[in-house]
Amino acid sequence: MPKISSILIANRGEIALRVIRACKELGIRSISVYSDDDSRSIHVKRADETYRLGPPQASESYLRIDKIIEIAKSSGADAIHPGYGFLSENEGFSDECKKNGIIFIGPTARTMELAGDKMKCKEIMKKADVPIAPGSDGVVDDIELAAEIAKEAGYPVMLKSAFGGGGRGIRLVNNEKELRQEFELASNESQAAFGKSALFIEKYLTNIRHIEFQLIRDSSGNGRHLFERECSIQRRHQKLIEMSPSPVVNKERREKVGEIAVRASTALDYLNAGTAEFLADAEGNFYFIEINARLQVEHPITEIVTGKDLVKLQIHVAQGEELPFKQQDLELKGSAIECRINSEDPFYDFAPSVGYVPNCNLPYGPGVRVDTYLYPGCNVSGYYDSLIAKLITYGGDFNEARIRMKNALSEFTIEGINTTIPIHKTIIEESNFINGNISTDYIDKFNIIEKMKHKRDQEYKDKAHAAISGILLQSEFVKKSYLAHRINKNQESMDGGFF
Amino acid sequence: MPKISSILIANRGEIALRVIRACKELGIRSISVYSDDDSRSIHVKRADETYRLGPPQASESYLRIDKIIEIAKSSGADAIHPGYGFLSENEGFSDECKKNGIIFIGPTARTMELAGDKMKCKEIMKKADVPIAPGSDGVVDDIELAAEIAKEAGYPVMLKSAFGGGGRGIRLVNNEKELRQEFELASNESQAAFGKSALFIEKYLTNIRHIEFQLIRDSSGNGRHLFERECSIQRRHQKLIEMSPSPVVNKERREKVGEIAVRASTALDYLNAGTAEFLADAEGNFYFIEINARLQVEHPITEIVTGKDLVKLQIHVAQGEELPFKQQDLELKGSAIECRINSEDPFYDFAPSVGYVPNCNLPYGPGVRVDTYLYPGCNVSGYYDSLIAKLITYGGDFNEARIRMKNALSEFTIEGINTTIPIHKTIIEESNFINGNISTDYIDKFNIIEKMKHKRDQEYKDKAHAAISGILLQSEFVKKSYLAHRINKNQESMDGGFF
Amino acid sequence: MKFQIEGNNNKIDAELIYNRGSGDLLFAIDDQKYNLKLLKSTSNEFEFILGNTYHYVKILPSTETKYKIFIDGIVIEIKKHSKITEIIEKTLKSKGIASQANNITSQIPGRVVKVSVSNGDKIKEGDPIVVLESMKMQIAIKSHKDGTIRIIKVKEGSTVSRNEIVAIID
Amino acid sequence: MKFQIEGNNNKIDAELIYNRGSGDLLFAIDDQKYNLKLLKSTSNEFEFILGNTYHYVKILPSTETKYKIFIDGIVIEIKKHSKITEIIEKTLKSKGIASQANNITSQIPGRVVKVSVSNGDKIKEGDPIVVLESMKMQIAIKSHKDGTIRIIKVKEGSTVSRNEIVAIID
């Protein structure tokens, strides 16, 4: 296969910037695409070249396979990196790239189809001796059938989109009334986000951990796992905090489950980077849930503990190279944590928060990495995902990484919008989190929202005198401005110099 | 010894911020001090508490032992961290701390005195079987004597301050006329910077590498080395780029010279973190030059390749703890490079450049660490050292770290002042640097200044059309503003909205 | 001046005692005296050292009864407590409660993807009124009480901002 | 308009061909045609996509003959080349050279720690005139030619800025 010399990035936000950086490291021309709401976004600014896609709606821009292929061809792109979300797990897109002689940096359409259809995938895994999670047996199109299955399994149940992923399209439903209400919403949502709607039902299990294994497999069939990520801290079934290693995975289990994960990738004839997701129960049993056939949001923590650059590896594998390391060459060193900073108001049921960001300060220093599209004066669009930054810290052990996260969170200031930073600040100092006593229902189980509100009240108290001083200063300022104005009517010279 | 609960940081700039961060990680109250030129500096903003020292001149502020001790006592500081430069190697300061019951985070006054007096130190090293660099035998106070010694040794010679360090107070002299001129300047400079003046002369050797070993030793006498740093890329005998590992040090040599370095620290009954500096010749012989009795500017690269936090270790050792690792526990992993970003104009003989920085963009992302005091709207003062930022990158190997440095340098933008970024951009892509063919005369030997100018001309060419577009846009803007002004005389509404 | 921090019942007294000039001021807040050293100021941004600790304060657009303040990276809300603002506050509050009771407001910004009811429809508490899409999520705005739809204020495809009224019920 | 890049002898022709409105312009620079999409502008800052590449340009305070431009993180200098500026430039240049020949200027900002000569002293090329301290370094300003000191313009302890005249020699 020829060496890739230019890559079109069919995505936006922090992941587009991440791929642009990998391109720059490899001397590859980076080509970005943008919607009208993104013309000043960072992926426009940092790419070597940039092309307009269309109106803000994803369906008119980042989901337009035809336009993206057209731009790839006219700009002479050798390859396309899909990032995550959008078209990253769309087999039609992978196929279309192939037809047009463009390398798709990810799995083949066939693998993606199998991985994307959660039901088919489970069948294959059963055959490959990969332990799978208990749940319903197929896609449910009809609301009446859904109600019947849910009744049989017993509430609560999970309503999941067969084409979802990353927590999207998953709803917890407690009774039939809710099921009927949510079935339609979930169906529409999945339609809007993935262009398809097919739901299935799974029994909701408690005291469960979400642990996943990073995979990469080359075109010669060499498959490796890059150890686990513990992603149990979730809200609304979406990951909030991830870490590697997991506090409950020791060396033996890591090797054992890692091997199962590699077997799963072999069963799908997987190509490039992917992730095998498992549920782990309190007894330490691992159940396969699905393969995410793309680069994962939380890939940086794996990069840090393994020292491997996953995006560069993706590109190497995509141009036909063999993986440059064997399984036994890999070593998990130190500890890394990622907090997902979303533009949502955690005090208000995580309602989306969008708009202009007049200023922001990204944390830096020892053990800190930030992947973000924020910059002072940027805009957070309501048309796309709420992930605005990933804050990653690392240290020799979990506690060093954790304390660095605490400090980095307090250095991270974002004006103009609400973010999930307050809930991260709360969790990072919460005793169950510190002791590794976590599960997917952690947020509810330990009243994290209440604890966050309590923490805010404490912060309010601590900052009250300083804040009031600011008000007093402004009132002095206004008084003097007014006096000065009366004297010389020259408002221009009022700023500063009064005290 | 009692646990330290508060630390006064007797320094400014990026190193003060570095220590504040370590304090925050350990739950220690951080206390900063500032001169009148620093009231809006980052170490004022980020410390838990801050106190004014005095006027801008270092002699009236950061060198005032009496004032610093007084603030430490009145604010209840348990310990003082001196950073590097200023009072960090002043044995009187260490002594004064001790007298006042304040823990000095660094070596004892006695050790500092021995380490600081380069001539005495060399004697001790000779006894301890530490190989020392060839050179003159004592301090030279008199210009006539200096001329005689220099003539005997043969020009060029190096004029060095016995109390210097970090390249300060070192001058290369090519003939007697220059010697006489520079002797007085060097003497004054050393007087101003260190409060003492005592010069000695060393023959100037060529094709020499500067390689140093990081040391740390606890109060129970456990000494460890944290491997080497290659610091051969220098200008005016000041380090410009450092890296770890060195391209010419293999495992055997690392162990051998590391052991010599530990022996040197034992000979001085060294306490806390320090650095043994060596010259290495083309044959691979290492000659001890001096011990720097403080934390080094370039400590971050060692932190990265060892995974150890040197500042936190300094604090642990200072409160009497034993080192938590043995020599064989340490492992050098990956590769790290540091570029020193100075506020100097590399196109103008590195003339200092000071003033307001209206805006700056710190690089971030995979493999990047920045230690800096810059922020948008900050001020670079002419009263202090020109080091404004340390850009550190790392990777699995030298080349990955190097390429990441190349990209991070291009992400790093600083408005308002001139910096050494252009020379770093030149070196990082220069073939001798890439191949590890470096020595202390690298800059001159390979015409780096010329190459940098050539690179600038190329950049000018590449950006010309875009820059001219900017001018055309402005002229359109001005034209339309003028027209609009003539129509409604309302200058206020002119900004934006014209195109 | 009197202030009250959100989520706390105590009132706080604060005043400028005097201005020594060149940025040195003396404040009294809740019987504590503070030296304040002003480092930088514009009309709504202040950098200062209070006692011995640095602070950055930006006064955000505030309401008549509340200050919204960005301080050291967090946003805090402080109620005004002068006699006049207290009266205004009460008046606004009583009016607000009376009229708000029949309003169904959007508590997030978003695009209306579906209007689930029509004018005159009888509805029960918890019934969805409209469905919004924001950041790839679909969220139903539900009625907080039983009643009849007097008027729907939004259309499918239109966008609403936070706290905008989407429907009024009787 | 005509421009010339520093360190390069070629002159560059550039003009606005037309303004399509709503931020879309067409430029011709050196016979190349470019579509320019303006994304943001203030009086001296411009963000735009030229062809298919994003640029950020800030026009810095410039002289009568030269533009100083901060572009994409670097500073570049561009000479103006209209007939008028050429004439002005020449005039200024000839004047400048004439008067500058006898000026000894400080090429760095700093504090004068020593004045090594007095008015009327005879000096040789390379003799130190004053010693400056800046960023902990002491740097001597040396004479660039033989001559006699007409007047020393600085005192010990005073500060000088870049390009300030420290002495005039005859």
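Residue numbers (the working numbering), protein chains in the order written: chain A, 1 to 499; chain B, 500 to 998; chain C, 999 to 1168; chain D, 1169 to 1338.
Beta carbons are placed, not taken as given, at the ideal position from N, Cα and C, and that holds for glycine.
Note that the structure is predicted; figures quoted are calculated from it, not measured.
Any idea which residues DSSP pairs B:H724 with across the strands?
Counting from 1 along the second sequence, the entry for residue 724 of chain B is found at position 225. According to DSSP, B:H724 bridges with B:L714.
Hey, could you find the ends of the alpha helix (DSSP H) B:S930 is sitting in?
Indexing the second sequence from 1 puts residue 930 of chain B at position 431. Residues S930 to I933.
What residues match up with A:S35 in a beta bridge as DSSP calls it?
Taking the first residue of the first sequence as 1, we reach residue 35 of chain A at position 35. Bridge partners of A:S35: A:G54.
How would you call B:G722, buried or exposed, if buried means at least 16 neighbouring beta carbons within 10 angstroms?
Numbered from its first residue, the second sequence carries residue 722 of chain B at position 223. So B:G722 ends up on the buried side.
Suppose you measure from the CA of B:L908 to the CA of B:G864; what does that come to, to the nearest Å?
Here the question's residue 908 of chain B lines up with position 409 in the second sequence. Here the question's residue 864 of chain B lines up with position 365 in the second sequence. Each residue's Cα considered, the two are about 12 Å apart.
Quick one: what does DSSP say A:L205 is sitting in, helix, strand or coil?
The sequence position of residue 205 of chain A within the first sequence is 205, counting from 1. Here A:L205 sits in coil by DSSP.
Closest to B:I700 by C-alpha separation, out of B:L671, B:I948 and B:I732, would be which residue?
On the second sequence, position 201 is the one that residue 700 of chain B refers to. Of the candidates B:L671, B:I948 and B:I732, the one whose C-alpha sits nearest the C-alpha of B:I700 is B:L671.
Consider the Cβ of B:L861: report whether some Cβ of chain A lies at a distance smaller than 8 Å.
In the second sequence, counting from the first residue as 1, residue 861 of chain B sits at position 362. Yes, its Cβ sits closer than 8 Å to a Cβ of chain A.
Span of the beta strand (DSSP E), counted from its first residue to its last, around A:T420:
On the first sequence, residue 420 of chain A is found 420 positions in, with the first residue counted as 1. Run containing A:T420: none; DSSP gives neither H nor E here.
Is it buried or exposed, B:I567, if we count other Cβ atoms within 10 angstroms and call 16 or more buried?
Here residue 567 of chain B refers to the residue found at position 68 of the second sequence. Buried, since its Cβ has 16 or more Cβ neighbours within 10 Å.
So, does the CB of B:D808 fall closer than 8 Å to a CB anywhere in chain A?
As a position in the second sequence, residue 808 of chain B is number 309, starting the count at 1. So, interface residue.
Residues in its own chain within less than 6 Å of A:L226 by CB, not counting five upstream and five downstream?
Reading the first sequence from its first residue, position 226 is the one you call residue 226 of chain A. If we look at A:L226 and ignore the five residues flanking it on each side, its Cβ neighbours are Q214, T302 and T306.
Straight-line Cα distance separating A:A273 from A:S32:
Here residue 32 of chain A refers to the residue found at position 32 when the first sequence is read from its first residue. Here residue 273 of chain A refers to the residue found at position 273 when the first sequence is read from its first residue. Distance between the alpha carbons of A:S32 and A:A273: 21 Å.
Considering only C-alpha positions, which residue in the set A:T266, A:Q328 and A:D385 is nearest to A:R340?
As a first step, residue 340 of chain A must be located in the first sequence, where it is residue number 340. That would be A:D385, whose Cα lies nearest to the Cα of A:R340.
Please classify C:R1148 as buried or exposed, where buried requires at least 16 neighbouring CB atoms within 10 angstroms.
Locating residue 1148 of chain C in the third sequence gives position 150, where the first residue counts as 1. It is exposed - the Cβ of C:R1148 has fewer than 16 other Cβ atoms within 10 Å.
Whole angstroms are fine: how far does the CA of A:K73 sit from the CA of A:D218?
Within the first sequence, the letter at position 218 stands for residue 218 of chain A. Within the first sequence, the letter at position 73 stands for residue 73 of chain A. Approximately 26 Å between the Cα atoms of the pair.
Residue range of the alpha helix (DSSP H) that includes B:F897:
Within the second sequence, residue 897 of chain B is the residue found at index 398, counting from 1. B:F897 -> alpha helix (DSSP H) spans F897 to E910.
For B:D994, which of helix, strand or coil comes out of DSSP?
Taking the second sequence and counting its residues from 1, one reaches residue 994 of chain B at position 495. Low local confidence applies: a pLDDT of 38 at B:D994 is under 50, so the model's placement there is unreliable, and no value is given.
Hey, does C:K1038 have any beta-carbon neighbour from chain B nearer than 8 Å?
For the purposes of this step, residue 1038 of chain C is taken as residue 40 along the third sequence, with counting starting at 1. Taking Cβ atoms only, chain B reaches closer than 8 Å to C:K1038, which makes this a yes.
Checking the sheet assignment: what are the DSSP bridge partners for B:I836?
Counted from its first residue, the second sequence places residue 836 of chain B at position 337. B:I836 is bridged to B:M742 and B:T892.
Thinking just about the alpha-carbon of each residue, which of B:G575, B:P857, B:L831 and B:I541 is nearest to the one in D:F1238?
Reading the fourth sequence from its first residue, position 70 is the one you call residue 1238 of chain D. Of B:G575, B:P857, B:L831 and B:I541, the residue nearest in Cα terms is B:P857.
If we cut at 8 Å on Cβ distances, does C:N1050 have a partner in chain B?
Position 52 of the third sequence, counted from the first residue, corresponds to residue 1050 of chain C. With 8 Å as the cut-off, C:N1050 counts as an interface residue toward chain B.
Extent of the continuous beta strand (DSSP E) to which C:K1066 belongs
Taking the third sequence and counting its residues from 1, the one referred to as residue 1066 of chain C is at position 68. Segment K1064 to I1069, the beta strand (DSSP E) holding C:K1066.
Excluding five sequence neighbours on each side, which residues of the same chain lie with their C-beta closer than 7 Å to the C-beta of A:F446?
Position 446 of the first sequence, counted from the first residue, corresponds to residue 446 of chain A. If we look at A:F446 and ignore the five residues flanking it on each side, its Cβ neighbours are E430 and N432.
In the structure shown, what three-state DSSP assignment does A:A273 receive?
In the first sequence, residue 273 of chain A corresponds to position 273, counting from 1. Strand at A:A273.
Whether or not the region 330 to 344 of chain A and the region 94 to 106 of chain A are in contact is what I'm after, with contact meaning three or more pairs of Cβ atoms, one per stretch, closer than 8 Å; do they touch?
no
Round the Cβ separation of D:K1310 and D:I1320 to the nearest angstrom and send it over; I've been treating them as touching at under 8 Å.
Counting from one through the fourth sequence, the residue named residue 1310 of chain D turns up at place 142. Counting from one through the fourth sequence, the residue named residue 1320 of chain D turns up at place 152. No, D:K1310 and D:I1320 are not in contact; Cβ-Cβ is about 14 Å, not under 8 Å.
Using a Cβ-Cβ cut-off of less than 7 Å, list which residues of the region 343 to 371 of chain A approach chain B; keep chain order.
L362, Y364, G365, P366, R369, V370 and D371
What does B:E914 reach in chain D if we use C-beta pairs closer than 8 Å?
In the second sequence, the residue the question calls residue 914 of chain B occupies position 415. Near B:E914 (Cβ distances below 8 Å), the residues of chain D are K1226 and F1238.
Give me whichever residues DSSP pairs with B:N841 in a beta bridge.
In the second sequence, counting from the first residue as 1, residue 841 of chain B sits at position 342. Partner(s): B:L886.
Whole angstroms is fine: what's the gap from B:F997's alpha carbon to B:K979's?
Walking along the second sequence from the start, residue 997 of chain B turns up at place 498. Walking along the second sequence from the start, residue 979 of chain B turns up at place 480. Here B:F997 scores only 48 on pLDDT, less than 50, and its place in the model should not be relied on; the value that follows carries that caveat. Roughly 7 Å between the two C-alpha positions.
Looking at C-alpha atoms only, which residue of A:P156, A:G85 and A:I80 is the closest neighbour of A:V95?
Working through the first sequence from its first residue, we reach residue 95 of chain A at position 95. In the sequence on display, residue 95 of chain A carries Asp and not Val. Measuring from the Cα of A:D95, the nearest candidate turns out to be A:I80.
Keeping to the same chain, check which residues put their C-beta closer than 7 Å to that of B:A557; ignore five residues upstream and five downstream.
In the second sequence, residue 557 of chain B corresponds to position 58, counting from 1. So the list reads F585, Y882 and Y883, once near-sequence residues are dropped.
So, A:F93 versus A:I71, is the Cβ gap smaller than 8 Å?
What you label residue 93 of chain A is simply residue 93 of the first sequence in a count that begins at 1. What you label residue 71 of chain A is simply residue 71 of the first sequence in a count that begins at 1. No; because the gap between Cβ atoms is not below 8 Å, this pair is not in contact.
Distance between A:A466 and A:Y62 (C-alpha atoms, nearest Å):
Within the first sequence, residue 62 of chain A is the residue found at index 62, counting from 1. Within the first sequence, residue 466 of chain A is the residue found at index 466, counting from 1. In a straight line, the C-alpha of A:Y62 is about 45 Å away from that of A:A466.
Partner residues on chain G for A:R40, Cβ-Cβ distance less than 8 Å:
The structure shown contains no chain G; the protein chains it does contain are A, B, C and D.
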